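Visitor: Before anything else, here's the structure in question.
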Ligand code: BG6
């Protein structure tokens, strides 16, 4: 008998900005990720400085913006969904493009063509018995909120966003049962451009030197403002999220709505109490995003942390009630790697998109240096159960790799099968431990544009897409070895992992 529940939601995950393309088609407006351009196969583009933004606008016609092309899901969604159905998907995680519905973000009423596009996608999924799992905001912000405001730091974004989110519930509640409010809400404090459309040096009158590494030392005044601004933006997102969760509970009781955070599992470097305390502190910080969304309040520990780190934000009257009334129904998370912390953070280096860690000699790493650790997933799932006692949906996990289509028109991705096998096994073990896991949707089930590198050459899919970083290629789809393997996994409800 399978360790996985009978109705386990096997599937895969994507986001609108990384797959849709159709940049300005049918009236779509531009969002903040449409301004991030490709800089090289291993150069991360998650941060935006003043000069970058000015350049993106001035050189719009010549820079390479892969998110504007995506993988052309906008035109090929039927073919793509048929491939997912062939693998036996029960669930497909996707997001909605805010600017396809509200092109500038300021409209009172949505664009009917955009509204109809998502109805068509949901109809196609249901045709094959696939449940959509919809992220309302997966790194989406209409560009006007960057140009006229300060991204999510400005409270003015909240009412426009809440109007958009309530519209989604009203319009699609009969087709979409599972919802997530903000993708990886913790990203707004780690990578403020990506998570909140915040231009890091917007108010600085000094030029940040070329070659500046965002994970290095920030000038003190800037670090303080960055900390305040990104936590203010986070507070605004918590409020918007809680408002829509409450609205969904009142108007769409058949739906379930969850948070979504990037889970880090952290080990102390040594048994020294100083290292252990830092690991504890970082873990509490990581969990705090769920605390607010699942318990409905800022934990006291976090308020002390704000004091200790001189983080000052505006709280607004009545925010406690809003948070208390908007508690999510389940926890969802992305998980890719574990890391190590020490009492001397200066020794840690960046691995992954934003995590600073030391190299763990017991773990293998991906092509991109991400430390592969299924056991940490099992441990964290147990910890989340103890802390929240809510169902858990693992909505991202996977292995990014450089890949090329072979002459036999496939990719022999045994390394991906190995990675997924070990993680699925760890989830099975966590279920045996008593964790209520609802589903598993590995990231980038069809190759898509990488978020950090804004490139096609970092691939996660079961399906290969013939497109390169410059947009060359046929965009045709090809099944990789992992496609057939995952099909067997789903058919056996997680038992046949060979
Ligand atoms: C998650 C994001 O952080 O990681 C996705 O939610 C992203 O949007 C994924 O694509 C993998 O990151 P990357 O940089 O390898 O694409």
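Numbering (the working numbering), first residue to last: 3 to 500. Every residue, glycine too, gets a C-beta built ideally from N, C-alpha and C. If you're wondering where the values come from, they're calculated on a predicted model, not measured in any experiment.
1) Could you check if residue 185 belongs to the surroundings of ligand 1, using beta carbon to heavy atom distance under 7 Å?
2) Report the option in 329, 228, 113 and 92 whose CA atom is closest to the CA atom of residue 100.
3) Return helix, strand or coil for residue 9, following the three-state DSSP convention.
4) Looking at residue 264 and ligand 1, is the gap between the Cβ and the nearest heavy atom below 7 Å?
5) Write down the C-beta distance between residue 162 and residue 108 rounded to the nearest angstrom, noting that I regard them as a contact closer than 8 Å.
6) In the DSSP output, what is residue 499 paired with across the bridge?
7) Any heavy atom of ligand 1 closer than 7 Å to the CB of residue 379?
8) Just tell me which of 125, 80 and 321 has its CA closest to the CA of residue 240.
9) Between which two residues does the beta strand (DSSP E) holding residue 93 run?
10) Would you mind sorting residue 443 into buried or exposed? The rule is 16 or more other CB atoms within 10 Å of its CB.
11) Kindly indicate which three-state DSSP category residue 444 falls into: helix, strand or coil?
12) Within 8 Å, do at least three Cβ pairs link the stretch 22-40 to the stretch 59-77?
13) How is residue 484 classed by DSSP in three states: helix, strand or coil?
14) In the DSSP assignment, find the unbroken alpha helix (DSSP H) run with residue 397 in it and report its ends.
15) Considering only the beta carbon of each residue, do residue 152 and residue 204 sit closer than 8 Å?
16) State yes or no: is the C-beta of residue 93 nearer than 7 Å to some heavy atom of ligand 1?
17) Hey, how far is the Cα of residue 312 from the Cα of residue 143?
18) Would you report the Cα separation of residue 378 and residue 115, rounded to the nearest angstrom?
19) Heavy atom of ligand 1 less than 7 Å from the Cβ of residue 336, yes or no?
20) Any chance the CB of residue 445 is under 7 Å from a heavy atom of ligand 1?
21) Since I believe residue 489 is in contact with residue 498 (beta carbons under 8 Å), could you give me their beta-carbon distance rounded to a whole number of angstroms?
22) Rounded to the nearest angstrom, how far is the Cβ of residue 339 from that of residue 372, given a contact under 8 Å?
23) Between 364, 398, 135 and 305, which lies nearest to residue 178 when the distance is taken from Cα to Cα?
24) Using a Cβ-Cβ cutoff of less than 6 Å, which residues in the same chain neighbour residue 267 once the five nearest sequence positions on both sides are dropped?
25) Looking only at DSSP bridge pairs, what is residue 332 linked to?
26) By Cβ distance, which residues of its chain are closer than 7 Å to residue 120, with the 5 residues on each side in sequence left out?
27) Are the beta-carbon atoms belonging to residue 46 and residue 459 less than 8 Å from one another?
28) Using only alpha-carbon positions, find the residue among 384, 400 and 237 that is nearest to residue 318.
29) Assign residue 367 to one of two classes, buried (16 or more other C-beta atoms within 10 Å of its C-beta) or exposed (fewer than that).
30) Can you determine whether any heavy atom of ligand 1 sits closer than 7 Å to the C-beta of residue 453, and answer yes or no?
31) Classify residue 304 as helix, strand or coil using the three-state DSSP reduction.
32) Between the Cα of residue 484 and the Cα atoms of 453, 127, 188 and 466, which residue gives the shortest distance?
33) Between which two residues does the beta strand (DSSP E) harbouring residue 133 extend?
34) How would you write the range of the beta strand (DSSP E) that residue 267 sits in, first residue to last?
35) Going by DSSP in three states, residue 41 sits in which element: helix, strand or coil?
Guide: According to the structure shown:
1) yes
2) Nearest Cα to residue 100 within the set 329, 228, 113 and 92: 113.
3) coil
4) The answer is yes for residue 264.
5) 6 Å
6) Looking at the DSSP assignment, residue 499 forms no beta bridge with any residue, so it has no partner.
7) no
8) 321
9) 93-97
10) buried
11) Three-state result, residue 444: coil.
12) yes
13) helix
14) It is not in any alpha helix (DSSP H) - residue 397 instead sits in the beta strand (DSSP E) that spans 394-398.
15) yes
16) no
17) 28 Å
18) Cα to Cα, residue 378 sits roughly 44 Å from residue 115.
19) yes
20) A heavy atom of ligand 1 is found nearer than 7 Å to the CB of residue 445.
21) With 8 Å as the limit, residue 498 and residue 489 do not qualify as a contact, their Cβ atoms being about 10 Å apart.
22) About 4 Å separates the two Cβ atoms, so the contact holds.
23) 135
24) 340, 378 and 382
25) Paired residues: 260.
26) 98 and 174
27) no
28) Residue nearest to residue 318 within the set 384, 400 and 237 is 237 (criterion: CA-CA distance).
29) exposed
30) yes
31) helix
32) 466
33) 133-139
34) 267-270
35) coil
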